[in-house]
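If you count by this note's numbering, then the sequence shown holds residues 637 to 724, one letter each, in order.
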Amino acid sequence: MSIILNGAAVDSLGRAMIRACSRTACSVEAVATLTFVYADSMAVLGPLALRPEPHSYDLCAKHAERTSPPKGWQLVRHSLYGEVGFTA
Ligand SMILES: [Zn+2]
């Protein structure tokens with residue numbers, strides 16, 4: 637048995653299971669989290685957060701790629717797949 641708590645699927649012991657994309661009609665596994673920083677009118681797209689936060693939305697790869705900020709907002713993308721290192 638599983639329940640939905642704050643957008644995250646957890647089992648009966650409260651352990652987090654795979655989180656799904658928060659977009660309507662999309663149930664693909666989320667790989668990124670979009671967080672709205674209202675104070676700065678900034679939307680930050682980064683790796684999936686460890687736990688759901690207020691004002692944040694989990695997105696699958698497709699929706700993370702396609703997401704765009706509301707009018708007047710800035711979108712900041714962090715690498716979803718780790719930092720690219722420098723080569724010597
Ligand atoms: Zn999606």
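By construction, the Cβ of each residue, glycine as well, lies at the ideal position given by its N, Cα and C atoms.
Contact test: residue i Cβ vs ligand 2 heavy atom, cutoff 8 Å
i, result
"residue 698", "For the structure depicted, ligand 2 is absent and the ligand set comprises only ligand 1."
Beta carbon of residue i nearer than 9 Å to that of residue j
i, j, result
"residue 668", "residue 681", "yes"
"residue 691", "residue 712", "no"
With 16 other Cβ atoms within 10 Å as the buried cut-off, status of residue i
i, result
"residue 694", "buried"
"residue 700", "buried"
"residue 655", "buried"
"residue 679", "buried"
"residue 670", "buried"
Per-residue DSSP class, three states only, for residue i
i, result
"residue 659", "coil"
"residue 701", "helix"
Residues that residue i bridges to, as DSSP identifies them
i, result
"residue 689", "BP columns for residue 689 are empty, so no partner."
"residue 668", "683 and 695"
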